[in-house]
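Working notes for the structure below.
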Amino acid sequence: MSMTRQQFTEFYSGYLKVVKDAMENPYRPKTALRYALQDWSRLDFFSMSRLLPKVKRDYRFVYKYDSDETSFYKLAVGLRNAKGVNGDSIYYKAQNRDKSEEVWEKEEQ
Numbered sequence: 294m295s296m297t298r299q300q301f302t303e304f305y306s307g308y309l310k311v312v313k314d315a316m317e318n319p320y321r322p323k324t325a326l327r328y329a330l331q332d333w334s335r336l337d338f339f340s341m342s343r344l345l346p347k348v349k350r351d352y353r354f355v356y357k358y359d360s361d362e363t364s365f366y367k368l369a370v371g372l373r374n375a376k377g378v379n380g381d382s383i384y385y386k387a388q389n390r391d392k393s394e395e396v397w398e399k400e401e402q
């Protein structure tokens with residue numbers, strides 16, 4: 294999927310906002326993931342600033358907050374409702390990424 298410069302600017306603005314929101318309140322209700330992504334959370338966000346009526350959030354951000362170390366880890370970002378078996382799903386991508394702490398750049402709170 295390719296984006297125009299304007300679309301990317303709007304997407305990146307939404308991404309930065311959702312990261313900020315997740316860092317400010319990492320334990321929101323109904324955001325915790327289960328199974329292979331246990332201990333990780335997700336937040337949905339809009340990739341565009343000018344929304345049409347009844348448009349749902351179209352991207353998802355997967356992250357982890359470690360309260361013991363006050364560290365924040367970004368795992369994946371992708372289309373919220375990607376269809377297809379395996380490859381396109383944000384959960385599939387996140388599940389198959391290396392989750393060991395030494396791989397991820399920590400962002401201190």
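Residue numbers (the working numbering): 294 to 402.
Glycine is no exception: its CB is placed at the ideal position from the N, C-alpha and C atoms.
So, is residue 342 buried or exposed, given that buried needs 16 or more other C-beta atoms within 10 angstroms?
-> exposed
Residue 344: beta carbon under 7 Å from a heavy atom of the ligand ADP?
-> As far as ligands go, the structure on display features none, and thus does not contain the ligand ADP.
Expressed to the nearest angstrom, what Euclidean distance is found between the alpha-carbon atoms of residue 365 and residue 357?
-> 6 Å
Given 8 Å, three or more beta-carbon pairs between the region 298–312 and the region 324–332 | no
Which stretch, first to last residue, makes up the beta strand (DSSP E) that contains residue 358?
-> 352–359
Which listed residue (353, 322 and 346) has its alpha carbon closest to that of residue 387 = 353
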